[in-house]
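Colleague: Residue numbers (my numbering), protein chains in the order written: chain A, 69 to 330; chain B, 1496 to 1804.
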Amino acid sequence: MSQFQEKTEITRIERLTPDVFRITLESSEIASRARPGQFVMVRTGDGKDPLLRRPFSISQTSSGKYFQILFKVIGRGTSMLAHCREGEYLSILGPLGSGFTFDCKADNCLVGGGMGIAPLLFLGKSMLRNCTLKPPTIVLGARNKEELAPLIKDFKELGLSVYPATDDGSLGTHGLVTDILKGLDLAPTCKMSVCGPTPMMTAVHLFCKKKEISCQVSMETAMACGMGACLGCIVPLAKGGYAHACSDGPVFDAKELLWQVR
Amino acid sequence: MASSLKADLRVSIGSLKLKNPVMTASGTFGYAKEFEPYVNLHRLGAVVVKGISLEPRAGNPPPRIVETSCGMLNAIGLENVGVERFVKEKMVFLQDVNVPVFVNILGDSIDEYRVIAKRLKDVPGIAGIEVNISCPNVKKGGVAFGTIPEMAALVTAAVKEESSVPVVVKLSPNVSDITVIARAVEDAGADAVSLINTLIGMAIDHKSRRPCIANVIGGLSGPAIKPVALRMVYQVAQAVSIPVIGIGGIETYEDVLEFMLAGATAVQIGTANFINPRASEEAVEGLTRYVVDEKLSSIRDVIGGLILP
Ligand SMILES: Cc1cc2nc3c(=O)[nH]c(=O)nc-3n(C[C@H](O)[C@H](O)[C@H](O)COP(=O)(O)OP(=O)(O)OC[C@H]3O[C@@H](n4cnc5c(N)ncnc54)[C@H](O)[C@@H]3O)c2cc1C
Ligand SMILES: Cc1cc2nc3c(=O)[nH]c(=O)nc-3n(C[C@H](O)[C@H](O)[C@H](O)COP(=O)(O)O)c2cc1C
Ligand code: FES
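1. Between I1624(B) and I1600(B), is the Cβ-Cβ spacing less than 8 Å?
2. Nearest to K1665(B) by CA position, among R1795(B), Y1785(B), Q1763(B), is which residue?
3. Give me the chain B residues within the contact set of T270(A), using Cβ-Cβ distance strictly less than 8 Å, ordered along the chain.
4. At the 8 Å Cβ level, is E1776(B) part of the contact set with chain A, yes or no?
5. Cβ of L216(A) within 8 Å of Cβ of S261(A)?
6. In angstroms, rounded to a whole number, what distance separates the CA positions of V1598(B) and L1504(B)?
7. Going along the stretch 1536-1558 of chain B in order, which residues come within less than 8 Å of chain A, judged by CB to CB distance?
8. Can M1567(B) be considered in contact with ligand 4, in the sense that its beta carbon sits closer than 7 Å to one or more heavy atoms?
9. Which two residues bound the contiguous alpha helix (DSSP H) that contains D1788(B)?
10. For N1575(B), collect the residues of the same chain with a Cβ closer than 7 Å to its Cβ; drop the 5 residues on either side in sequence, then sort them by chain order.
11. Which same chain residues, not among the five before or five after S131(A), have their C-beta less than 8 Å away from its C-beta?
12. Give me the subset of the stretch 291-311 of chain A whose CB atoms are less than 9 Å from a CB atom of chain C, sorted by chain position.
13. When the Cα atoms are used, what is the spatial distance from L84(A) to L138(A)?
14. Give a yes or no on whether 8 Å exceeds the smallest Cβ distance from P1722(B) to chain A.
15. Give me the Cβ distance between T1766(B) and M1518(B), rounded to the nearest whole Å; I'm assuming they're in contact under 8 Å.
16. Could you name the residues that DSSP lists as bridge partners for N1627(B)?
17. What is the DSSP secondary structure of C172(A), reduced to helix, strand or coil?
18. With 8 Å as the threshold, decide whether the Cβ of T289(A) is near any Cβ in chain B.
19. When the Cα atoms are used, what is the spatial distance from A1683(B) to A1648(B)?
20. Does the Cβ of T289(A) lie closer than 7 Å to at least one heavy atom of ligand 1?
21. Counting contacts by CB-CB distance shorter than 8 Å, is G1713(B) in contact with chain A?
22. Check the Cβ-Cβ distances between N1569(B) and every residue of chain A, and say whether any is below 8 Å.
23. Ligand 2 and K202(A): does the residue's C-beta get closer than 7 Å to at least one heavy atom of that ligand?
24. Could you check what DSSP says for R111(A) in three-state terms: helix, strand or coil?
25. Helix or strand or just coil, what does DSSP make of A1761(B)?
26. Tell whether a beta-carbon distance below 8 Å holds between G1743(B) and V1723(B).
27. Are there 16 or more other CB atoms within 10 angstroms of the CB of D222(A), so buried, or fewer, so exposed?
28. Give me the chain A residues within the contact set of C1565(B), using Cβ-Cβ distance strictly less than 8 Å, ordered along the chain.
29. Once you ignore the five residues that flank K133(A) on each side, which residues in its own chain have a CB closer than 7 Å to its CB?
30. Which of the residues in the stretch 1632-1651 of chain B, read from start to end, lie with their CB under 7 Å from any CB of chain A?
31. Please list the partners that Q71(A) has in chain B, where partner means a Cβ-to-Cβ separation under 8 Å.
32. If you draw a straight line from the alpha carbon of F89(A) to that of G182(A), how long is it in whole angstroms?
33. Could you tell me if T257(A) is buried or exposed, where buried requires 16 or more neighbouring beta carbons within 10 angstroms of its beta carbon?
34. Between the stretch 1779-1791 of chain B and the stretch 1731-1742 of chain B, are three or more C-beta pairs nearer than 8 Å?
35. Which same chain residues end up closer than 6 Å to M268(A) when comparing Cβ atoms and leaving out the 5 residues on each side of it in sequence?
36. Between the alpha carbons of A1774(B) and E74(A), how many angstroms are there, rounded?
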């Protein structure tokens, strides 16, 4: 397995909304090997607090040399990252984890919510490059227009069309991504790839289960190491026992996981 | 390059000679293979693998970990593949790496410790056993073996009887006087003691009014526990005559030197591996440079060299 610990230079930092940022980093080691759905562990500072690295999906790569992470400021680590400047260096471990699988012969449908949209851009881009026959159907949800619009822009620039949904109805469908899915004419041979908050992924999994559509999900858990050593990042399995999100995942076949259905 | 420098970093743990005093701590280095992309494993003094029980254990439900100030709390619940799969699957890789391997073992009865030690006896590539006595004794109402001197001694003697390699007993800091336990296991035949295991702690999310980890309480590790670990290593080193292996919040070669000054013969690096997977190898490089720069004849000159006021 090819993984690296790298001091990578921040070549660009963009503020997409008041609390969503995108950082472009230079590392041909990581960028040339990364696959959609993989993540990196980022050290957010040199001190001992925050202590642990933070996991972020690789949201896209370019020229085999650069990769991007897209994140929302929610706590100390992400707030420190938001204060980084271009030209500074970040210590990165990666690329880590399994990626999404995709089959060009299938109808592909990508469903993302909030920051879970990040890895889907990389996946959509790879599908466009490799599957010339048919572009994927893309359904994205977020709280409001302010958060969703800049994320949709990246997909549009690639020439991909997006079905948007917002919680407040300020952009696209007023409601959930599953409300859009219900209205789409999805073939049973369709392959769904999902990343977003757990309630959203649960809803999409249930939708797919009913329609007998295959569904892969990217799971988020607390992570200390990102490489299978601490055993802290478990997700419960349907057959009993646990899998490790960092090394067995983060992408899993939704059928194999145990979902909390209320 | 530090790797081309020559320095005498050798230390001994019982009959075992280590090329340097830097080991990795159980549960923080997987089965070593996980770190192969980052570390030249053969340059480490030794590796200690994740705790092994007789039968595989699934471990605790999530969430299992949470970050706290300068540290982390974990309640992994001793998830492991069990001794049989460990020997058949995990040892194969370790046998090919030129590094001494300590197998950390755990059980919920004295008999379980004994049976695991017996199964590991004569397995090629195992340089030593580390006995985790911080586990609850199921037969004695769940009180940890490591908190009662008599129980700690019985576990030590049982493992010692079944082992042909050095036996290190890993002490729990969650006791009122750690030197009493250290002396008890020394008398029972331990070849060395390692300390400290995690300090029991707790974290609460006031917003949800819930504990941050599902097990409610967990083990604290990382830089936050270093002063406590140093104090305990210092006290134990004076109480016993077997080697002491220092553990707790060690990240850099400077931290290693501090533990050695307090009396440790060797050290283990734990949580720091998660933040810098190369921490152990970098500590070896730092110690090499230190011995050369200070013109020491050996790193052993540092052990117990604390200058008191
Ligand atoms: C595989 C993987 C990929 C990820 N990819 C991305 C990504 O591309 N973009 C992105 O923005 N984030 C992503 N995350 C989540 C990201 O790692 C966390 O947001 C980050 O670790 C928070 O760090 P912090 O120090 O800012 O917050 P902390 O100080 O650690 O947490 C602040 C508060 O937020 C809560 N919290 C922690 N994590 C989350 C979470 N995921 N969602 C909601 N609340 C949380 C904590 O309980 C705490 O109360 C990913 C996580 C995983 C496991
Ligand atoms: C995630 C995690 C898992 C651990 N698992 C074990 C274990 O299986 N057996 C054991 O004896 N100690 C275990 N420990 C304790 C460490 O080996 C070490 O004693 C402790 O973390 C203190 O060192 P540190 O501060 O350098 O991490 C674990 C620690 C952590 C953080
Ligand atoms: S994050 Fe440590 S094992 Fe997955």
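Every residue, glycine too, gets a C-beta built ideally from N, C-alpha and C.
Predicted, not measured: the structure shown is a model, and the values here were computed from it.
Modeller: The relevant details are as follows:
1. Mapped onto the second sequence, residue 1624(B) falls at position 129. Mapped onto the second sequence, residue 1600(B) falls at position 105. Yes, the pair counts as a contact, with Cβ atoms nearer than the cut-off.
2. Along the second sequence, read from residue 1 onward, the residue named residue 1665(B) stands at position 170. For K1665(B), the closest of R1795(B), Y1785(B), Q1763(B) by C-alpha to C-alpha distance is Q1763(B).
3. Within the first sequence, numbered from 1, the residue matching residue 270(A) stands at position 202. What T270(A) touches in chain B, judged by beta-carbon distance under 8 Å, is nothing: the nearest beta carbon there is about 15 Å away.
4. Reading the second sequence from its first residue, position 281 is the one you call residue 1776(B). It does not: the Cβ of E1776(B) has no partner Cβ on chain A nearer than 8 Å.
5. Here residue 216(A) refers to the residue found at position 148 of the first sequence. Here residue 261(A) refers to the residue found at position 193 of the first sequence. No, these two residues do not count as a Cβ contact at 8 Å.
6. Reading the second sequence from its first residue, position 103 is the one you call residue 1598(B). Reading the second sequence from its first residue, position 9 is the one you call residue 1504(B). Cα-Cα distance, rounded: 23 Å.
7. Answer set for the stretch 1536-1558 of chain B: K1545, A1553, G1554, P1556, P1557, P1558.
8. The model on display carries ligand 1, ligand 2 and ligand 3 but not ligand 4.
9. Position 293 of the second sequence, counted from the start, is the residue given in the question as residue 1788(B). In the DSSP assignment, D1788(B) falls within the alpha helix (DSSP H) that extends over 1774-1788.
10. Translated into positions along the second sequence, residue 1575(B) becomes position 80. Closer than 7 Å at Cβ, skipping near neighbours: K1545, G1546, I1547, S1548, P1551, R1552.
11. Here residue 131(A) refers to the residue found at position 63 of the first sequence. Only A99 meet the Cβ criterion.
12. You won't find chain C in this structure, because its protein chains are A and B.
13. Here residue 84(A) corresponds to residue number 16 of the first sequence, with the count starting at 1. Here residue 138(A) corresponds to residue number 70 of the first sequence, with the count starting at 1. Rounded to whole angstroms, L84(A) to L138(A) spans 9 Å at the Cα level.
14. As a first step, residue 1722(B) is located in the second sequence; it is residue number 227 there, counting from the start. Contacts with chain A at 8 Å (Cβ-Cβ) do not include P1722(B).
15. Sequence index remark: in the second sequence, residue 1766(B) carries index 271 (1-based). Sequence index remark: in the second sequence, residue 1518(B) carries index 23 (1-based). About 14 Å separates the two Cβ atoms, so there is no contact after all.
16. Walking along the second sequence from the start, residue 1627(B) turns up at place 132. Its beta-bridge partners are K1665(B).
17. Walking along the first sequence from the start, residue 172(A) turns up at place 104. It is coil, neither helix nor strand.
18. Taking the first residue of the first sequence as 1, we reach residue 289(A) at position 221. Interface residue, yes.
19. On the second sequence, position 188 is the one that residue 1683(B) refers to. On the second sequence, position 153 is the one that residue 1648(B) refers to. Between A1683(B) and A1648(B), the C-alpha separation is close to 5 Å.
20. As a first step, residue 289(A) is located in the first sequence; it is residue number 221 there, counting from the start. Indeed, a heavy atom of ligand 1 lies less than 7 Å from the Cβ.
21. Here residue 1713(B) refers to the residue found at position 218 of the second sequence. No - not a single Cβ of chain A is within 8 Å of the one on G1713(B).
22. On the second sequence, position 74 is the one that residue 1569(B) refers to. Cβ-Cβ to chain A under 8 Å: yes for N1569(B).
23. Stepping through the first sequence from its first residue, residue 202(A) is reached at position 134. Incorrect: K202(A) has no Cβ contact closer than 7 Å to ligand 2.
24. Locating residue 111(A) in the first sequence gives position 43, counting from the first residue. Taken through DSSP and simplified to helix, strand or coil, R111(A) comes out as coil.
25. Here residue 1761(B) is taken as the residue at index 266 of the second sequence, counted from 1. In the structure shown, A1761(B) adopts extended strand secondary structure according to DSSP, grouped into three states.
26. The count along the second sequence starts at 1 and reaches residue 1743(B) at position 248. The count along the second sequence starts at 1 and reaches residue 1723(B) at position 228. Going by C-beta atoms, G1743(B) is nearer than 8 Å to V1723(B).
27. As a working note, residue 222(A) is residue 154 in the first sequence. With 16 or more other Cβ atoms within 10 Å, it is buried.
28. In the second sequence, the residue the question calls residue 1565(B) occupies position 70. Neighbours of C1565(B) in chain A, taken as residues whose beta carbon is under 8 Å from its own, are K116, D117, L119 in chain order.
29. Within the first sequence, the letter at position 65 stands for residue 133(A). So the list reads E94, S96, A99, once near-sequence residues are dropped.
30. So nothing in the stretch comes that close.
31. For the purposes of this step, residue 71(A) is identified with residue 3 of the first sequence, where counting begins at 1. Those within 8 Å of Q71(A) in chain B are P1532, Y1533.
32. Translated into positions along the first sequence, residue 89(A) becomes position 21. Translated into positions along the first sequence, residue 182(A) becomes position 114. Looking at the backbone, the Cα of F89(A) and that of G182(A) are separated by about 13 Å.
33. Walking along the first sequence from the start, residue 257(A) turns up at place 189. It counts as exposed.
34. No, the stretch 1779-1791 of chain B is not in contact with the stretch 1731-1742 of chain B.
35. Numbered from its first residue, the first sequence carries residue 268(A) at position 200. So the qualifying residues of the chain are G181.
36. For the purposes of this step, residue 1774(B) is taken as the residue at position 279 of the second sequence. For the purposes of this step, residue 74(A) is taken as the residue at position 6 of the first sequence. Rounded to whole angstroms, A1774(B) to E74(A) spans 14 Å at the Cα level.
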